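Note that the protein sequences, when read in sequence, are chains A and B.
Each position in the first sequence, counted from 1, maps to that position plus 274 in our numbering.
Each position in the second sequence, counted from 1, maps to that position plus 274 in our numbering.
Beta carbons are placed, not taken as given, at the ideal position from N, Cα and C, and that holds for glycine.
Please read all numbers here as calculations on a predicted model, not as lab measurements.
Reading through the structure tokens given below for one structure.
Number of protein chains: 2
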Amino acid sequence: MARSGPKLTRIARTLGVSAATVSNALSGKGRVSAELAEKIRATAAELGYVPSLAGRALRTGRTAAIGLVLPDIANPLFPQIAQAIELAASSAGYGVLIADSRGDVTTQTKAIERLIDRDVDGMVIVPRRGTRITDVGCPVAVIDTPSTPGNTVAADHWGGGRQIAEHLKALGHRRVLVIGNNPASNVQNDRIGGIRSALAEGAFVETLWIEPLEREQGKGCPLGLAEKVAEGFTAFACVSDLHALRALTELQRAGINVPEKASVTGFDDLIWSPVVTPALTTARMDMTRIAAIAVGALVKAIGERDPTDAAIGAPVTADDAEVPMQLVVRQSSAAPPRIQFQPGQTTANARTSAPEGEHQP
Amino acid sequence: MARSGPKLTRIARTLGVSAATVSNALSGKGRVSAELAEKIRATAAELGYVPSLAGRALRTGRTAAIGLVLPDIANPLFPQIAQAIELAASSAGYGVLIADSRGDVTTQTKAIERLIDRDVDGMVIVPRRGTRITDVGCPVAVIDTPSTPGNTVAADHWGGGRQIAEHLKALGHRRVLVIGNNPASNVQNDRIGGIRSALAEGAFVETLWIEPLEREQGKGCPLGLAEKVAEGFTAFACVSDLHALRALTELQRAGINVPEKASVTGFDDLIWSPVVTPALTTARMDMTRIAAIAVGALVKAIGERDPTDAAIGAPVTADDAEVPMQLVVRQSSAAPPRIQFQPGQTTANARTSAPEGEHQP
DNA sequence: CTGAAAGCGCTTACAG
DNA sequence: CTGAAAGCGCTTACAG
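Written out as structure tokens, the structure is:
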């Protein structure tokens, strides 16, 4: 081992007892008299005993390590997730091994295999693009959306979408452009579904998918948001702060002030969201809680499992699979400009007036 | 173990040879005849043999895992670093364990301790705020700046700063505001040093530190960049794209068009940099190369080390400790506006004219 | 309540 | 060139 602390036998020798007794005392299984157990614990602590995971792993078949798998570590959400998982895992005595697949499917399979080859006790997988998790051979906790089959725990993206939409609606917005980048993403579809459902009555909603756009016109192409404003859209509800940032800067650049002339909202409360001008209104996941639930369920499944038996079925389940999102209102959203309304319409109560041609898609 | 593949003895039995021979053949130490070795390798591959890391670790004292330590995983640079380290490590047969310390010093010590307790063979540490890495008890590769004592490998931040400055200078900028957030950061000081050194002749440079500002006025407070423009600054050279983004949006919001009225540059080419409008001019680190050098040096040190000997001194060294940065010119930087120049001065060649009151600080 | 023994899967001197 | 044996540090039946 790298570290060269005292071994279990050293404690046994120091106290003149057997290794078995030390082991039993330290694991608290209760086969040792209270006094002896206490003395053993004290000596172990004093000597700075740290069990050898390798020795234990060889004997028990448990490595006390879990894998963290994301389709692409480059995802700006990765820091939040990794931090929360690491906290939850280390509190439970587990180490976290990362696996990167750079968004590529075959690489992802390889990354998962490497984790299995390292004998992780389980893994937390955050799929994207609607990937279905196949049986990987160890307990798995999936963080995707509550509506995904096999999901273990996730933020209530639909509810988050509703909160964003209610917020926009209350401000008086009646023409909302939803911006996403991936029609195949469960998370995005839930968020958009929530937005649309809350805006269903009395508002017009259109969805703009960035990715298909970029496949045609290239990465970083303009979104044409100024035209959308000209068409009467007053709010841009993005499924990620990354898109919100893009929308915000494109609008600002076009001379369209946010939030005076158009509101912009995002999702996830990414690192820059509070410090850009105007700061982004967004909906935040409680990653700490999600991670705690995911890791908790995983650890439970690991504990119940017979390590010699390789067959594992579906992802683990948790009692509480749906964690509410929190709306964070900042400066990027405000009431829509009144000038948009048709002459003759009352502007006294923006919340009940709406531009012509409005309909449900 | 989680996975239940064939063990070494299984291969030995299948071929009617001893476990020792299988082990020797597979490790390629050459104590086995070529034909037998080949047959053993073939059988192992056929049976899908994957060695038990626990068994090996117990025997050799090597876990084939390294730790990745950053002061704060929430750092937007973390995805890039983690991805590159993971690639380099897994190519070398090592797993990567993450450790988070949330920016807190005592938590960082604990995180490193957890890694040691897990018997990592070595660790890659990316310090911040000028933290000095104390002897942690295993080989360590440090990624900080070339000028930091004990640094293993790093981007040439100073050179990156020079490139940014040369770029700005060539465009005609003569009053540059450098924006950083931490006077104690080696990385930031190197970048700023490079900028200042390249701008030394014929340009005025001032540095704005965000963090002291925020300690006084709160997180996300305005940077007062519009006033700086009024004072004649035409370029804002930020030590991170995060600050650049903040500067960009604040300027845009104030009606100061970027890059027409003011240029903004950043560092690191973070994920949003190419997609904001205008896209950010920045200087990029070659993290893949840095990670390869760091992990390579670490693995070498691990190989040369006697695992039973705990005493380890300074961080490992690499042959190539300095990796050039790459300037990425995008739309956020351009020639300064001519209107800033004093009446009577020639504006024909902006590169040789400069506002009054210019001096070296 | 406590201990002696076996064994997890590997690698490494050592013998032949 | 190949094999038998020992042992890395732990935990778990099993016996006392």
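For the candidate residues the options, whose alpha-carbon lies nearest to that of residue i?
{"i": "Leu572 (chain B)", "options": "B:Arg520, B:Ile545, B:Asp395", "result": "B:Asp395"}
{"i": "Ala592 (chain B)", "options": "B:Pro611, B:Gly570, B:Gln600, B:Ala608", "result": "B:Gly570"}
{"i": "Thr283 (chain B)", "options": "B:Pro423, B:Arg520, B:Leu321", "result": "B:Leu321"}
{"i": "Asp543 (chain A)", "options": "A:Ile347, A:Asp346, A:Arg287, A:Phe352", "result": "A:Phe352"}
{"i": "Gly540 (chain A)", "options": "A:Val410, A:Glu312, A:Ala428, A:Gln600", "result": "A:Gln600"}
{"i": "Ala719 (chain A)", "options": "A:Ala348, A:Leu451, A:Gly468", "result": "Since the displayed chain A opens at 275 and closes at 635, residue 719 (chain A) lies outside it and no answer follows."}
{"i": "Gly434 (chain B)", "options": "B:Ala608, B:Ala609, B:Val603, B:Pro610", "result": "B:Val603"}
{"i": "Arg402 (chain B)", "options": "B:Ser292, B:Tyr323, B:Asn456, B:Gly467", "result": "B:Asn456"}
{"i": "Arg579 (chain B)", "options": "B:Asp515, B:Val324, B:Gly411", "result": "B:Gly411"}
{"i": "Val590 (chain A)", "options": "A:Val597, A:Pro598, A:Gly577", "result": "A:Gly577"}
{"i": "Ala366 (chain B)", "options": "B:Pro345, B:Gly467, B:Thr337, B:Val306", "result": "B:Thr337"}
{"i": "Leu574 (chain A)", "options": "A:Val306, A:Ala415, A:Glu596", "result": "Inspection of the sequence shows that residue 574 (chain A) is occupied by Lys rather than by Leu. Closest option to Lys574 (chain A), Cα to Cα, is A:Ala415."}
{"i": "Leu342 (chain A)", "options": "A:Pro325, A:Asn349, A:Ala316, A:Ile372", "result": "A:Ile372"}
{"i": "Ala609 (chain A)", "options": "A:Gln462, A:Lys502, A:Ala444", "result": "A:Ala444"}
{"i": "Gln605 (chain B)", "options": "B:Leu554, B:Ile340, B:Ile417, B:Thr317", "result": "B:Leu554"}
{"i": "Pro552 (chain B)", "options": "A:Ala339, A:Leu497, A:Asp374, A:Pro280", "result": "A:Leu497"}
{"i": "Gly376 (chain B)", "options": "B:Gly454, B:Leu344, B:Leu389, B:Ile469", "result": "What sits at residue 376 (chain B) in the sequence shown is Arg, not Gly. Comparing Cα positions, the closest option is B:Leu344."}
{"i": "Ala595 (chain B)", "options": "B:Ser307, B:Ala311, B:Gly290, B:Asp418", "result": "B:Asp418"}
{"i": "Ile564 (chain A)", "options": "A:Ala363, A:Ser301, A:Lys313", "result": "A:Ala363"}
{"i": "Ser326 (chain A)", "options": "B:Ser459, B:Leu389, B:Ala385, B:Gly290", "result": "B:Leu389"}
{"i": "Val461 (chain B)", "options": "B:Met559, B:Ile285, B:Ala339", "result": "B:Met559"}
{"i": "Ala385 (chain B)", "options": "B:Pro413, B:Asp346, B:Ile355", "result": "B:Asp346"}
{"i": "Gly467 (chain A)", "options": "A:Gln526, A:Trp432, A:Gly454", "result": "A:Trp432"}
{"i": "Val597 (chain B)", "options": "B:Asn463, B:Pro611, B:Met561", "result": "B:Met561"}
{"i": "Ala588 (chain B)", "options": "B:Leu519, B:Lys493, B:Asp409, B:Gly454", "result": "B:Asp409"}
Name, in chain order, the residues that DSSP records as bridge partners for residue i.
{"i": "Gln437 (chain B)", "result": "DSSP lists no partner for Gln437 (chain B)."}
{"i": "Met561 (chain A)", "result": "DSSP lists no partner for Met561 (chain A)."}
{"i": "Cys512 (chain A)", "result": "A:Ile453"}
{"i": "Val538 (chain B)", "result": "B:Phe510"}
{"i": "Asp374 (chain B)", "result": "B:Leu344"}
{"i": "Ile399 (chain B)", "result": "B:Val343, B:Val416"}
{"i": "Gln600 (chain A)", "result": "A:Arg558"}
{"i": "Thr481 (chain A)", "result": "A:Val452"}
{"i": "Gly369 (chain B)", "result": "B:Ala339"}
{"i": "Ala428 (chain A)", "result": "A:Glu596"}
On the premise that residue j lies in contact with residue i, defined as a C-beta separation below 8 Å, what is that separation, rounded to the nearest angstrom?
{"i": "Ala500 (chain A)", "j": "Ala528 (chain A)", "result": "4 Å"}
{"i": "Thr523 (chain A)", "j": "Thr556 (chain B)", "result": "Going by Cβ atoms, the distance from Thr523 (chain A) to Thr556 (chain B) rounds to 15 Å, so no, they are not a contact pair."}
{"i": "Arg465 (chain A)", "j": "Gly369 (chain B)", "result": "The Cβ separation is near 34 Å, so there is no contact."}
{"i": "Pro350 (chain A)", "j": "Leu473 (chain A)", "result": "Actually they do not touch by this definition, with Cβ atoms about 26 Å apart."}
{"i": "Leu300 (chain B)", "j": "Arg315 (chain B)", "result": "7 Å"}
{"i": "Pro533 (chain A)", "j": "Ser459 (chain A)", "result": "About 27 Å separates the two Cβ atoms, so there is no contact after all."}
Answer yes or no: the CB of residue i versus the heavy atoms of the ligand GDP, is any distance below 7 Å?
{"i": "Val296 (chain B)", "result": "With respect to the ligand GDP, the structure shown offers nothing to examine, as it has no ligands at all."}
Inset, instruction - Pull out every residue of the region 541-570 of chain A whose Cβ sits closer than 7 Å to any Cβ of chain B, in chain order. - result: Answer set for the region 541-570 of chain A: Ile545, Trp546, Pro548, Val549, Val550, Thr551, Pro552, Ala553.
Inset, instruction - Spell out a yes or no on whether the region 316-336 of chain B and the region 356-365 of chain B are touching, meaning 3 or more CB-CB pairs, one atom from each, closer than 8 Å. - result: Verdict: no, contact absent.
Inset, instruction - Can you give me, in chain order, the residues of the region 345-357 of chain B that have a beta carbon less than 8 Å from any beta carbon in chain A? - result: Those would be Ile347, Ala348, Asn349, Pro350, Phe352, Pro353, Gln354, Ala356, Gln357, in chain order.
Inset, instruction - Report yes or no: do three or more beta-carbon pairs, one from the region 539-554 of chain B and one from the region 478-490 of chain B, lie closer than 8 Å? - result: Output reads no: the region 478-490 of chain B does not touch the region 539-554 of chain B.
Legend entry - Three CB pairs or more closer than 8 Å across the region 415-422 of chain B and the region 471-485 of chain B: No, they do not touch.
Legend entry - the region 561-570 of chain B contacting the region 425-435 of chain B, beta-carbon criterion three pairs below 8 Å: Judged by Cβ distances under 8 Å, the region 561-570 of chain B makes contact with the region 425-435 of chain B, as three or more pairs qualify.
Inset, instruction - Decide if the region 463-479 of chain A is in contact with the region 438-449 of chain A; the criterion is three or more beta carbon pairs, one per stretch, under 8 Å apart. - result: Short answer: they touch.
Inset, instruction - Say whether the region 525-537 of chain A touches the region 372-385 of chain A, bearing in mind that this needs 3 or more beta-carbon pairs closer than 8 Å, one atom from each stretch. - result: As far as the Cβ criterion goes, the region 525-537 of chain A does not touch the region 372-385 of chain A, which means the pair count is below three.
Inset, instruction - Report yes or no: do three or more beta-carbon pairs, one from the region 449-464 of chain A and one from the region 507-515 of chain A, lie closer than 8 Å? - result: With a cut-off of 8 Å, the region 507-515 of chain A and the region 449-464 of chain A count as touching, because enough Cβ pairs lie within range.
Inset, instruction - Return the residues of the region 356-379 of chain B that lie within a Cβ-Cβ distance of less than 8 Å from chain A, sorted by chain order. - result: Per Cβ criterion, the list reads Ala356, Gln357, Glu360, Leu361, Ser364, Gly369, Val370, Leu371, Ile372, Ala373, Asp374, Arg376.
Inset, instruction - Please confirm if the region 284-296 of chain B is in contact with the region 294-310 of chain A, defined as three or more CB-CB distances below 8 Å between the two stretches. - result: Taking 8 Å as the limit for Cβ pairs, the verdict is that the region 294-310 of chain A does not touch the region 284-296 of chain B.
Inset, instruction - Please name the residues in the region 489-502 of chain A whose beta-carbon is closer than 8 Å to at least one beta-carbon of chain B, in chain order. - result: Cβ contacts with chain B: Lys493, Gly494, Pro496.
Inset, instruction - Return the residues of the region 293-316 of chain B that lie within a Cβ-Cβ distance of less than 7 Å from chain A, sorted by chain order. - result: Cβ contacts with chain A: none found.
Inset, instruction - With 7 Å as the C-beta to C-beta threshold (strictly closer), list the residues of the region 384-410 of chain A near chain B in chain order. - result: Along the region 384-410 of chain A, going in chain order, the ones with a CB nearer than 7 Å to a CB of chain B are Arg388, Ile390, Asp391, Arg392, Asp393, Val394, Asp395.
Inset, instruction - Residues of the region 519-542 of chain B with a CB closer than 9 Å to any CB of chain A: list them in chain order, please. - result: Cβ contacts with chain A come from Leu519, Arg520, Leu522, Thr523, Glu524, Leu525, Gln526, Arg527, Ala528, Gly529, Asn531, Val532.
Inset, instruction - Give the residues from the region 331-344 of chain B that approach chain A closer than 7 Å (Cβ to any Cβ), ordered along the chain. - result: Against chain A - using a Cβ distance shorter than 7 Å - the residues of the region 331-344 of chain B are Ala331, Leu332, Gly335, Thr337.
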